[in-house]
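Input: a single structure, listed below in structure tokens.
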Amino acid sequence: MTAFYQDPKLQQKIEAFAPHAEMMPAVVIIQQLEPFTSIYMTSRGLKELGITIDELRAMGPEYLERFFNLEDSEDYLEKLKRLLQCRNTEETFTFFQQVKINSHEDWVWHIGSTRIFYMDGQGNPTHIVTTAIPIDKLKHIPNKAERLLAEKNFFHDNLTKFLSLGKREREVLKLVALGKSSVQIGDELCISSMTVNSHRKSIKNKLGISSTYEFTLYAHAYDLI
């Protein structure tokens, strides 16, 4: 019995689960939360990563750094935190992730789904199970996933600058993004076009932008349009 299976009930559950996991059309991973360790993976996943189960277990948290694009991790960790807090074994969350597969030079997009696999005697989640399916051969989906990741990164990277805008500046930002002129914006907001231009200049300075396209990027990212 390995150190990972000191709990006989956990060992029994994994041994009963493994034959079914091997038949699934996905890679299946079971991970111990404290300390974070991947303790089980189906043979398909091990083959794609080019490692053995013992090598996988020995990696600990390094597994994430070695095989996954960490730019995806923030969204994943937020969802995982909420899942563990609710302690509901019926709940799942889904996410996109980029994986470094042994036979590919580039990242391969996958869609994953995670749920609680095992809880201790006090009802605390101790292990999670994830299924992962490659989507690189599905037309348009990888490109859409790339755009979603870019939008998420833009949102987080520029949030402080966006929050520096006042209420009126956000209104002007929205209307500029919609293609309206300073005169049209002034009429809609009941202010002069000179005041609109002053707001536009302030917005450009605060956000570090110069083009209407960049106005549109911010308006989309922060749900103004």
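Okay, so the sequence shown: first residue is 1 according to full-length UniProt numbering, each after it adds one. No residue lacks a Cβ here, since even glycine has one placed at the ideal position from N, Cα and C. The structure presented is a predicted model; accordingly, all values stated were derived computationally and were not measured.
What distance in whole Å lies between the Cβ atoms of Ile30 and Val99, which are believed to be in contact at a cut-off of 8 Å? About 17 Å separates the beta carbons of Val99 and Ile30, which is beyond the 8 Å limit, so they are not a contact pair.
For Gln32, is the classification buried or exposed, using 16 other Cβ atoms within 10 angstroms of its Cβ as the cut-off for buried? Its Cβ being crowded by 16 or more others within 10 Å, Gln32 is buried.
Could you tell me which of Ala18, Phe117, Val172 sits nearest to Lys201, measuring between CA atoms? Ranked by Cα distance from Lys201, the options Ala18, Phe117, Val172 are led by Val172.
So within the segment 121-190, which uninterrupted beta strand (DSSP E) runs reach at least 3 residues, ignoring any that extend past its ends? Whole beta strand (DSSP E) segments, 3+ residues: 125-134.
Whole angstroms are fine: how far does the CA of Ile133 sit from the CA of Asp223? Using only the alpha carbons, I get a separation of about 31 Å.
Would you call the segment 109-125 in contact with the segment 158-166, where contact means no fewer than 3 C-beta pairs closer than 8 Å? Verdict: no, contact absent.
Can at least three beta-carbon pairs, one atom from the segment 87-94 and one from the segment 55-74, be found at a separation below 8 Å? Look at the beta carbons and you see the segment 87-94 not touching the segment 55-74: under three pairs across the two are nearer than 8 Å.
Delimiting residues of the alpha helix (DSSP H) encompassing Thr92: Counting along the chain, Thr92 sits inside no alpha helix (DSSP H); it lies in the beta strand (DSSP E) bounded by residues 92-99.
Beta-carbon spacing of Trp109, Ile135 below 8 Å: Yes, Cβ-Cβ distance for Trp109 and Ile135 is below 8 Å.
Three-state secondary structure assigned by DSSP to His220: Here His220 sits in helix by DSSP.
Beta-carbon spacing of Ser182, Val196 below 8 Å: Contact flag set, yes.
Does DSSP put Thr212 in a helix, in a strand, or in coil? Here Thr212 sits in helix by DSSP.
For Lys206, the nearest candidate out of Leu46, Asp187, Glu169, Leu77 (CA to CA): That would be Glu169, whose Cα lies nearest to the Cα of Lys206.
Which term fits Ile14, buried or exposed, when burial requires 16 or more other beta carbons within 10 angstroms of its beta carbon? So Ile14 counts as buried.
I'd like to know whether the C-beta atoms of Leu56 and His127 end up nearer to each other than 8 Å. A distance of 8 Å or more separates the beta carbons of Leu56 and His127.
Inter-residue Cα distance where the pair is Glu22 and Tyr213: Take the alpha-carbon of Glu22 and the one of Tyr213: they are about 49 Å apart.
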